[in-house]
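Worksheet: one structure, shown below.
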Amino acid sequence: MRLISIGGGPAGLYFALLMKKADPAHDVLVVERNRAEDTFGFGVVFSDATLEHFAEADRETYEAITRSFAHWDDIDIHYRGEVLTSTGHGFSGMSRQRLLDILQRRCAELGVRMQFQKEVTDLAAYADADLVLAADGVNSFIRSRYAEHFRPQVDWRPNKFVWLGTTFPFPAFTFIFKESEHGLWRVHAYRYNESMSTFILETTEPAWRNAGLDQADENQTLGFAERLFAEELQGHRLLTNRSLWRNFPTVKNGCWHHGNLVLVGDAAHTAHFSIGSGTKLAMEDAIALARALQRHGEADKALVAYEEERRPEVDSLQRAAQVSLEWFEQTERYFGRLEPIQFAMSLLTRSLRVTHDNLRLRDPRFVATVDRWFASQAERQTRFAVPAAPAPPPMFTPFRLRDLVLPNRVVVSPMCQYSAEDGAPNDWHLVHLGSRALGGAGLVITEMTDVSREGRISPGCSGMYKPEHVTAWKRIVDFVHATSPAKIGMQLAHAGRKGSTKKLWEGIDEPLPAGNWPIISASAIPYYPHSQVPTPMGRSDMDTVRDDFVRAARMAEEAGFDLLELHFAHGYLLASFLSPLTNTRADEYGGALVNRARYPLEVFDAVRAVWPARKPMSVRISATDWAEGGGTPDDAVELAKLLKAHGCDIVDVSAGQTVPDQKPVYGRLYQTPFADRIRHEAGIPTMTVGNIASWADVNSIIAAGRADLCVLARAHLYDPYWTRHAAYEQGYELPWPDQYVSVKGFTPRLP
Ligand SMILES: Cc1cc2nc3c(=O)[nH]c(=O)nc-3n(C[C@H](O)[C@H](O)[C@H](O)COP(=O)(O)OP(=O)(O)OC[C@H]3O[C@@H](n4cnc5c(N)ncnc54)[C@H](O)[C@@H]3O)c2cc1C
Ligand SMILES: Cc1cc2nc3c(=O)[nH]c(=O)nc-3n(C[C@H](O)[C@H](O)[C@H](O)COP(=O)(O)O)c2cc1C
Numbered sequence: 000m001r002l003i004s005i006g007g008g009p010a011g012l013y014f015a016l017l018m019k020k021a022d023p024a025h026d027v028l029v030v031e032r033n034r035a036e037d038t039f040g041f042g043v044v045f046s047d048a049t050l051e052h053f054a055e056a057d058r059e060t061y062e063a064i065t066r067s068f069a070h071w072d073d074i075d076i077h078y079r080g081e082v083l084t085s086t087g088h089g090f091s092g093m094s095r096q097r098l099l100d101i102l103q104r105r106c107a108e109l110g111v112r113m114q115f116q117k118e119v120t121d122l123a124a125y126a127d128a129d130l131v132l133a134a135d136g137v138n139s140f141i142r143s144r145y146a147e148h149f150r151p152q153v154d155w156r157p158n159k160f161v162w163l164g165t166t167f168p169f170p171a172f173t174f175i176f177k178e179s180e181h182g183l184w185r186v187h188a189y190r191y192n193e194s195m196s197t198f199i200l201e202t203t204e205p206a207w208r209n210a211g212l213d214q215a216d217e218n219q220t221l222g223f224a225e226r227l228f229a230e231e232l233q234g235h236r237l238l239t240n241r242s243l244w245r246n247f248p249t250v251k252n253g254c255w256h257h258g259n260l261v262l263v264g265d266a267a268h269t270a271h272f273s274i275g276s277g278t279k280l281a282m283e284d285a286i287a288l289a290r291a292l293q294r295h296g297e298a299d300k301a302l303v304a305y306e307e308e309r310r311p312e313v314d315s316l317q318r319a320a321q322v323s324l325e326w327f328e329q330t331e332r333y334f335g336r337l338e339p340i341q342f343a344m345s346l347l348t349r350s351l352r353v354t355h356d357n358l359r360l361r362d363p364r365f366v367a368t369v370d371r372w373f374a375s376q377a378e379r380q381t382r383f384a385v386p387a388a389p390a391p392p393p394m395f396t397p398f399r400l401r402d403l404v405l406p407n408r409v410v411v412s413p414m415c416q417y418s419a420e421d422g423a424p425n426d427w428h429l430v431h432l433g434s435r436a437l438g439g440a441g442l443v444i445t446e447m448t449d450v451s452r453e454g455r456i457s458p459g460c461s462g463m464y465k466p467e468h469v470t471a472w473k474r475i476v477d478f479v480h481a482t483s484p485a486k487i488g489m490q491l492a493h494a495g496r497k498g499s500t501k502k503l504w505e506g507i508d509e510p511l512p513a514g515n516w517p518i519i520s521a522s523a524i525p526y527y528p529h530s531q532v533p534t535p536m537g538r539s540d541m542d543t544v545r546d547d548f549v550r551a552a553r554m555a556e557e558a559g560f561d562l563l564e565l566h567f568a569h570g571y572l573l574a575s576f577l578s579p580l581t582n583t584r585a586d587e588y589g590g591a592l593v594n595r596a597r598y599p600l601e602v603f604d605a606v607r608a609v610w611p612a613r614k615p616m617s618v619r620i621s622a623t624d625w626a627e628g629g630g631t632p633d634d635a636v637e638l639a640k641l642l643k644a645h646g647c648d649i650v651d652v653s654a655g656q657t658v659p660d661q662k663p664v665y666g667r668l669y670q671t672p673f674a675d676r677i678r679h680e681a682g683i684p685t686m687t688v689g690n691i692a693s694w695a696d697v698n699s700i701i702a703a704g705r706a707d708l709c710v711l712a713r714a715h716l717y718d719p720y721w722t723r724h725a726a727y728e729q730g731y732e733l734p735w736p737d738q739y740v741s742v743k744g745f746t747p748r749l750p
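The sequence shown begins at 0 in numbering that gives the first Met the number 0 and counts up one residue at a time.
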């Protein structure tokens with residue numbers, strides 16, 4: 000085969016040597032515009048896990064690479080005059096120049112042809128090659144030239160960074176956070192040989208401009224950074240090497256191959272330097288592509304197989320890189336607000352890939368310190384004794400809202416059961432909620448319970464609008480209180496334009512075939528084009544619905560509920576006022592967010608006035624509509640501030656379900672970043688919900704301060720005893736009801 004790599008970075012060189020090694024008959028050429036000894040940047044980092052792939056692919060380069068490594072286990076975090084250390088992280092750094100030398104030498108040894116100082120501007124000369132690698136890096140001209148086929152998306156991130164070096168051999172992977180009069184600066188520094196370290200300086204664009212660095216040349220940048228970090232550099236110098244301030248581009252492509260062209264490495268995808276995996280991804284691409292070619296013999300099939308194999312891996316890493324880079328873009332949110340140990344925990348678990356549990360395996364002492372600190376905070380917050388040695392896992396610490404103290408941080412999410420008759424809950428609801436309370440959650444929230452018959456989603460929805468409902472709900476509340484330490488909240492709602500529809504399993508949000516009732520909303524916009532058109536609410540409708548909420552709240556108090564949650568989310572009646580997609584009113588209830596929030600807040604105030612002062616109230620919101628022109632996370636922060644000012648105790652942060660053509664970005668913990676943001680920026684406790692399935696995630700979220708409570712829906716359908724099982728797996732004792740004490744002598748056999 001005739002194989003050409005345009006670009007002699009890690010991706011191009013590694014692919015070339017792997018192919019030549021696989022079959023010396025291949026004609027393999029690498030074309031590189033720089034000289035062999037040129038390089039930009041200083042060191043690169045690999046995690047221990049990456050290296051195993053390299054050992055399998057080519058032992059010679061693997062050994063040469065590992066001989067050149069500076070290895071470390073510790074991460075040092077410099078924060079407000081303290082240095083916190085976490086160990087067990089297993090990373091290696093090496094000079095980028097050294098890596099390229101090794102790859103070039105191995106290419107030469109195997110007979111790869113290399114042309115340096117040749118800038119390729121036209122691919123015509125390579126038209127008859129079996130394969131042309133676009134290994135031409137982040138600014139790939141090949142990707143731009145064939146953009147209509149590759150469909151690149153380049154997301155330029157707002158922060159500014161510059162890649163410097165230093166003669167100070169940092170003893171650990173080091174993050175420095177430092178304030179100057181211009182703003183907050185972040186340093187990512189790591190050693191790449193005995194005497195040298197990479198030193199990446201990052202900040203926000205305003206801080207960068209305030210410091211005049213938009214006008215600075217390399218030397219002025221160097222001088223600025225040396226002065227600011229004189230203490231940390233301990234008299235050592237910084238070094239430049241084409242050290243220009245840049246913005247990081249997150250690169251993705253709709254397709255990775257076209258004809259005989261294939262994208263690899265940074266040309267195909269980038270991963271932010273804060274998770275240090277760009278070189279790893281580039282080299283893993285080379286391995287996958289070389290293997291696919293060997294397996295399939297011909298390029299066409301191999302390219303499809305290569306993309307199929309690599310894309311999920313890259314997508315997953317890019318998702319982790321995205322949350323990590325956002326953490327660094329938003330560090331001001333945490334800086335100064337979090338105590339050092341929690342700041343460190345937030346940093347270490349920022350990509351949501353490293354959990355409290357992984358971290359405990361790596362560094363039990365660090366996690367024990369986090370847990371002890373967290374337990375002491377919980378003790379202070381609840382005024383309940385929490386043991387310090389050993390401290391409970393963070394999820395098993397209590398939490399106070401007004402006079403209500405929850406025994407732990409796990410919440411059963413509201414989940415419609417569509418099993419009530421004219422709003423009345425029955426044995427199904429008793430068993431559903433009762434078993435989840437026995438299952439160990441700290442708080443169980445009822446399904447969306449409607450404040451009037453017309454306010455129901457479906458004919459099977461539960462309600463709180465008839466005297467019989469109080470009796471029926473009280474039976475459930477009493478059961479929960481009598482048999483478990485769990486508390487129970489009621490979610491009150493009105494379905495608005497999503498009302499008069501079918502049960503979940505008969506067709507969610509679809510209008511009833513018969514027996515529809517009239518529906519109301521902020522504006523006369525149907526959910527689906529074929530849905531019933533709602534009547535826009537006039538003032539008398541508003542009074543009626545507000546009074547329905549007040550009546551329902553009084554009934555909930557009579558039934559003995561511990562907490563009330565108002566449903567401002569998912570496109571139901573109160574949410575229909577909040578979203579600009581469903582509220583096009585021209586009166587004082589439409590327009591700017593303060594206007595759109597006016598009626599929902601009026602309802603909140605009226606309910607708060609009758610709900611006992613000792614009992615807390617929560618509001619569930621959609622932090623984004625996931626739709627063009629809809630509510631945004633910025634709006635959610637503003638709404639949370641308003642809620643706080645009106646006496647709301649905690650915001651239950653959900654998202655979407657406002658419009659059917661939403662474009663949600665699903666994934667593990669996909670809504671947690673919204674809860675994190677609201678908690679810090681609005682200064683109100685939050686509950687997070689959405690694809691939380693492991694106790695390790697719950698512990699990490701709680702300990703890092705991303706939310707105060709974790710709300711699980713489907714996980715609790717799957718396993719009513721989710722919290723008990725989490726306790727068992729962590730060796731933590733949760734009291735059993737008397738009827739079940741015998742279980743203490745029983746050891747389950749788990750796979
Ligand atoms: C600040 C910073 C820190 C980083 N830190 C790390 C880290 O710690 N760990 C890590 O793994 N990764 C890190 N990376 C990422 C890493 O540098 C890249 O992901 C990696 O180099 C990608 O390899 P590549 O072969 O795809 O592209 P590159 O290494 O960019 O190589 C592309 C090559 O193509 C050549 N070229 C481009 N156009 C042409 C042309 N028209 N004709 C001929 N030649 C051409 C270029 O000269 C270059 O040599 C960092 C990146 C940055 C910006
Ligand atoms: C069967 C079912 C019914 C639901 N009913 C409600 C509800 O009544 N009120 C509400 O706010 N959310 C409701 N939701 C959304 C969940 O509370 C939760 O926000 C969502 O399922 C994401 O959490 P998960 O990934 O843990 O399932 C429901 C979800 C399911 C699966």
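Here a beta-carbon is modelled for each residue, glycine too, at the ideal position from N, C-alpha and C.
Item, Value
"Residue closest to residue 291, alpha-carbon to alpha-carbon, out of 17, 628 and 511", "17"
"Cβ pair residue 252, residue 268 closer than 9 Å", "yes"
"Distance, residue 415 Cα to residue 541 Cα", "25 Å"
"Beta-carbon spacing of residue 433, residue 479 below 9 Å", "yes"
"Residue ranges of each alpha helix (DSSP H) within the stretch 665-702, 4 or longer", "671-680 and 694-702"
"Residue 514 and residue 445 closer than 9 Å at C-beta", "no"
"Residue 62 CB to nearest heavy atom of ligand 1 below 8 Å", "no"
"beta-carbon residue 95 near ligand 3 non-hydrogen atom, thresh 8 Å", "Ligand 3 is not among the ligands present in this structure, which contains only ligand 1 and ligand 2."
"Residue 463, enclosing alpha helix (DSSP H) - first and last residue", "Here residue 463 belongs to no alpha helix (DSSP H), and DSSP marks it neither H nor E."
"DSSP state of residue 456 mapped onto helix, strand, coil", "coil"
"Between the CA atoms of residue 490 and residue 762 - distance to the nearest angstrom", "Given a span of 0 to 750 for the chain in the structure shown, any question on residue 762 remains unanswerable."
"Rounded straight-line distance, which links the Cα of residue 683 to that of residue 273", "29 Å"
"Per-residue DSSP class, three states only, for residue 628", "coil"
"Exposed unless 16 or more other CB atoms sit within 10 angstroms - verdict on residue 621", "buried"
"Under 9 Å between C-beta atoms of residue 439 and residue 721", "yes"
"For residue 535 and residue 522, believed in contact at Cβ under 8 Å, the rounded distance", "5 Å"
"Sub-9 Å separation of residue 146 and residue 266 beta-carbons", "no"
"Buried/exposed call for residue 685, threshold 16 Cβ in 10 Å", "buried"
"CB contact flag (residue 496, residue 524, <9 Å)", "yes"
"Three-way DSSP call (helix, strand, coil) for residue 525 in this model", "coil"
"Helix, strand or coil at residue 621 according to DSSP, with G and I counted as helix", "strand"
"Whole runs of the alpha helix (DSSP H) within the stretch 539-567, excluding any shorter than 4 residues", "none"
"Residue 375: first and last residue of the uninterrupted alpha helix (DSSP H) it sits in", "363-381"
"Where residue 0 falls: helix, strand or coil (DSSP)", "coil"
"Residue 731 - DSSP class collapsed to helix/strand/coil", "coil"
"Given 8 Å, three or more beta-carbon pairs between the stretch 196-209 and the stretch 46-64", "no"
"Residue 115 beta carbon less than 9 Å from that of residue 46", "no"
"DSSP bridge partner residues for residue 404 (one or two, in chain order)", "399"
"Member of 373, 117, 59 and 163 whose CA lies at the smallest distance from the CA of residue 389", "373"
"Sufficient close CB pairs (3 or more, under 8 Å) joining the stretch 394-406 to the stretch 666-683", "no"
"Between the CA atoms of residue 325 and residue 208 - distance to the nearest angstrom", "20 Å"
"beta-carbon residue 599 near ligand 2 non-hydrogen atom, thresh 8 Å", "no"
"Rounded C-alpha distance that separates residue 648 from residue 166", "51 Å"
"Counted within 10 angstroms of its Cβ, other Cβ atoms place residue 586 as buried (16 or more) or exposed", "exposed"
"Any 3 or more C-beta pairs closer than 8 Å across the stretch 7-17 and the stretch 134-144", "yes"
"Cβ-based burial, residue 123 [other Cβ within 10 Å; buried from 16]", "exposed"
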